[in-house]
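Okay, so here's the structure we're looking at.
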Amino acid sequence: MPYSMLDIRAIRQNPDEFKAKLARKKVPAEVIDALLAADEAWRSALAEVERLKALRNSTSEAIAVKKKNKEDASADIARMREVGEEIKRLDEMVREQEAAVQEYLLTLPNVPHDSVPDGESEADNPVLRTWGEVPKFSFEPRAHFEIAEELGILDTERAVKITGSRFVLYKGLGSRLERALAAFMLDLHTDKHGYTEMFPAFIANEDSLIGTGNLPKFGDEMFKLEGLPYYLIPTAEVPLTNYYRDEILSVDQLPVKFAGYSSCFRSEAGSAGKDTRGLIRLHQFQKVELVNLVLPEESYNVLEQLTRECEAVLQALELPYRTIEICTGDLGSKDAKKYDIEVWLPASNTYREISSCTNFEDFQARRANLRFRRDDSSRPEFAHTLNGSGLAIGRTVAAILENNQEADGSVRIPKALVPYMGGIERITK
RNA sequence: GGAGUGAUGGCCGAGUAGGUCGAAGGCGCUCGCCUGCUAAGCGAGUAUACGGUCAAAAGCCGUAUCGAGGGUUCGAAUCCCUCUCACUCCGCCA
Numbered sequence: 066m067p068y069s070m071l072d073i074r075a076i077r078q079n080p081d082e083f084k085a086k087l088a089r090k091k092v093p094a095e096v097i098d099a100l101l102a103a104d105e106a107w108r109s110a111l112a113e114v115e116r117l118k119a120l121r122n123s124t125s126e127a128i129a130v131k132k133k134n135k136e137d138a139s140a141d142i143a144r145m146r147e148v149g150e151e152i153k154r155l156d157e158m159v160r161e162q163e164a165a166v167q168e169y170l171l172t173l174p175n176v177p178h179d180s181v182p183d184g185e186s187e188a189d190n191p192v193l194r195t196w197g198e199v200p201k202f203s204f205e206p207r208a209h210f211e212i213a214e215e216l217g218i219l220d221t222e223r224a225v226k227i228t229g230s231r232f233v234l235y236k237g238l239g240s241r242l243e244r245a246l247a248a249f250m251l252d253l254h255t256d257k258h259g260y261t262e263m264f265p266a267f268i269a270n271e272d273s274l275i276g277t278g279n280l281p282k283f284g285d286e287m288f289k290l291e292g293l294p295y296y297l298i299p300t301a302e303v304p305l306t307n308y309y310r311d312e313i314l315s316v317d318q319l320p321v322k323f324a325g326y327s328s329c330f331r332s333e334a335g336s337a338g339k340d341t342r343g344l345i346r347l348h349q350f351q352k353v354e355l356v357n358l359v360l361p362e363e364s365y366n367v368l369e370q371l372t373r374e375c376e377a378v379l380q381a382l383e384l385p386y387r388t389i390e391i392c393t394g395d396l397g398s399k400d401a402k403k404y405d406i407e408v409w410l411p412a413s414n415t416y417r418e419i420s421s422c423t424n425f426e427d428f429q430a431r432r433a434n435l436r437f438r439r440d441d442s443s444r445p446e447f448a449h450t451l452n453g454s455g456l457a458i459g460r461t462v463a464a465i466l467e468n469n470q471e472a473d474g475s476v477r478i479p480k481a482l483v484p485y486m487g488g489i490e491r492i493t494k
């Protein structure tokens, strides 16, 4: 039952190593000490209550024998009645201590991989590679939301009326473009990269969200259904990673490669005032997400491969991008190592995140109890999980509109997408 | 939403007047034997988690687990309560 993101036994054996590694994620050493103290208290209470339970079990057997032989067992029964009370009391203590240990383990962040560069913030993320030519315009490039409104393919005002701010409504060829991108990305990943297409429910339960690491810490980043233990998924990562939760896979089932299309819902708590216009930051956006479940020894190779698979989408769409490596100061709580892919957005004259590719190692697998067996006689091991956006569709739309805009306000459809647009090569007024 | 039935190990499936049941039996699987291929046959083995022991693994010891949680009891797969899920029928519905 004890799910944990970190291996408590490993922490017991090498507390200093964990303190040092977690210090890179700004976890004070005292937290590890407190965890170990709670763990010690839990284990000693557990040892005591198990000793009493063993006594009760053996005595109960003796009572059964005595009764069968018509002997008097009342002294044993009276004694066990007291032992039972003591067990009840100690069980309560064990429960409390175990909950305390779990609380620590569920809220501690993942350990960053040794290769992750040190850094304080996103400003310190090294650029790994840059692809494509940044377009030159003979005019002042306009923002995607201006282009889109003028072309009549996006209606933000009415979306606000219908729902509220940070929601949009695609219309006409805008809607078609969304649909075309989803289909194109899914086809690319299933046909070229060996993924299995998945279409999950957009609502997940609490166990699933604990499994991926969204709960208990990040509940306020999601929309919860009122009165129900359900949340709108913030990404298809949640259903896809939890697909094999509480299961033991055989080794020949690995690697698992799922490509899932879904809407993604985010409360965007704490982002007031940021990216308030356009398609960059919404409460709902669509995304094709890639999830990999792999052997531990392969996960870092797979991370490189996964990143290339996501980059392949931008290359096919002829959109300039760069790939950066996330430093310790910018690394997410769940992440062991992460690359971001950033697409060029001419209107803001900057690269903007359009995909994150992350290796969680066994962090999620522990929480989700997702294991595999190397062969029939070996013990189950935790798999490694990875995911990457391939890609966020709203931001891809924004990138196409801005990079492919023309002086007359029209927008070129990337060649690879034309078949998905029913042959339409250009969106005009 | 209404009525009913059910939930046991990888699968199927025994087991309710509480007692040595982690749980019969079968299937599957693994290893070995045997048969000049295959099939059949014979023998052995075949859950998970946690704690302890150990440098570690194996092994060994202990605890827990028969949908989940709680209760009764010296003792619960078996009795009681609550919940969840699945299936069937009715109603409703894209």
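Residue numbers 66 to 494, in the numbering used here, belong to the letters of the first sequence in order.
Backbone N, C-alpha and C define an ideal beta-carbon position, used for all residues, glycine too.
As the crow flies, the alpha-carbon of E136 is around 11 Å from that of A127. If you look at Y309, you'll find it isn't in any beta strand (DSSP E); DSSP assigns it neither H nor E. Assignment of D189 by DSSP, reduced to helix, strand and coil, places it in the helix class. For L451 against L319, the beta-carbon gap comes to about 12 Å, at or over 8 Å, which does not count as contact.
The shortest CA-to-CA distance from L101 to any of R121, E168, I218 is the one to E168.
Per DSSP, reduced to three states, the secondary structure at V462 is helical. Taking the C-beta atoms as reference points, K352 is found nearer than 8 Å to A301. Taking every protein chain shown into account, the CB of E222 has fewer than 16 other CB atoms within 10 angstroms, so this residue is exposed.
Between D104 and I73, the C-beta gap is smaller than 8 Å, which places the two residues in contact. In the displayed model, D252 falls within a helix according to three-state DSSP. With respect to S332, D395 sits apart: the two C-beta atoms are not nearer than 8 Å. Ranked by Cα distance from R77, the first of Y386, R108, A401, L456 is R108. Counting only residues of its own chain and dropping the five nearest sequence neighbours on each side, T277 has a CB closer than 8 Å to the CB of E302, V303, T306, N307, K399, Q429, R432, A433. Taking 8 Å as the cut-off, the Cβ atoms of F437 and V316 count as close. Taken atom to atom, the span from the alpha-carbon of I298 to that of H348 is near 11 Å. Boundaries of the alpha helix (DSSP H) around Q429: 428-433. If you ignore the 5 residues before and after P174, its C-beta comes within less than 6 Å of the C-beta of K90, S398, all in its own chain and listed in chain order. With fewer than 16 other beta carbons inside 10 angstroms of its own, G338 counts as exposed. In this structure, V321 is the residue among V321, R241, Y295 with its C-alpha nearest to the C-alpha of T255. The stretch 183-249 is shown to contain whole alpha helix (DSSP H) runs of 4 or more residues at 209-216, 221-227, in chain order. For D405, the secondary structure class from DSSP, reduced to helix, strand or coil, is strand.
CA-CA distance, G459 to A112, rounds to 55 Å.
Between E243 and V462, the C-beta spacing is below 8 Å. Burial is judged here by how many other beta carbons sit within 10 angstroms of a residue's own beta carbon; F83 has at least 16 and is buried. Using a 10 angstroms sphere on the CB of E147, the tally of other CB atoms stays under 16, which defines it as exposed. In terms of Cα proximity to E362, the closest of S328, A448, T372 is A448.
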